[in-house]
């Protein structure tokens, strides 16, 4: 991967729902060109307030996220046969060089939902990529905003 490729890399993941009891609850991750990572979590569980965090990532960290996306081969997938959003939805948008793709599907409760879909291979690819992205980003946020440094 060349260094110019990271300037044309954009990723946005959203999962959320709206209901009468809690309103709009969601988690959103956005990685913008230049390494700006934005994280938002709006959960009303136990009267929590919205959490917003923002960090700037080094080029090597952005390249690692880009590598994860490329190796997943998610850009070859199509969400036409994935479950339609009903009570909640997930969205994944990726710009990688000249390729731009956007997925929208129902919230996935477990791998069983994936296996029961009309496109289990494609949806499994999406499911595991999203898990990898969330794990990676939450680790970065946790390390960056750690209150007590490890001694």
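Residue numbers (the working numbering): 96 to 246. Cβ coordinates follow ideal geometry from the N, Cα and C atoms, glycine included.
Check                                                                                                               : Outcome
Span of the beta strand (DSSP E), counted from its first residue to its last, around residue 188                    : 183-191
Spatial distance of residue 176 from residue 235 (CA atoms)                                                         : 33 angstroms
Within-8 angstroms CB hit, residue 232 to chain D                                                                   : No chain D is part of this structure, which consists of one protein chain only.
Residue 170 classed as buried or exposed, judged by whether at least 16 other C-beta atoms fall within 10 angstroms : exposed
Collapsed DSSP secondary structure at residue 149 in the structure displayed                                        : strand
For residue 200: DSSP bridge partner residues                                                                       : 185
Residue 110 versus residue 193: straight-line alpha-carbon distance, rounded                                        : 25 angstroms
Assumed close pair residue 190, residue 121 - CB separation to whole angstroms, cut-off 8 angstroms                 : In fact, because the Cβ distance is near 21 angstroms, the residues do not count as touching under 8 angstroms.
Residue from 127, 160 and 182 whose Cα sits closest to the Cα of residue 225                                        : 160
Close beta carbons around residue 232, own chain, < 6 angstroms, minus the five adjacent residues each side         : 124
Residue 208: first and last residue of the uninterrupted alpha helix (DSSP H) it sits in                            : 206-210
Three-state secondary structure (DSSP) of residue 129                                                               : coil
8 angstroms Cβ cutoff met for residue 196 and residue 222                                                           : no
Helix, strand or coil at residue 240 [DSSP, three-state]                                                            : coil
Run of the beta strand (DSSP E) containing residue 114, from where it starts to where it stops                      : 104-114
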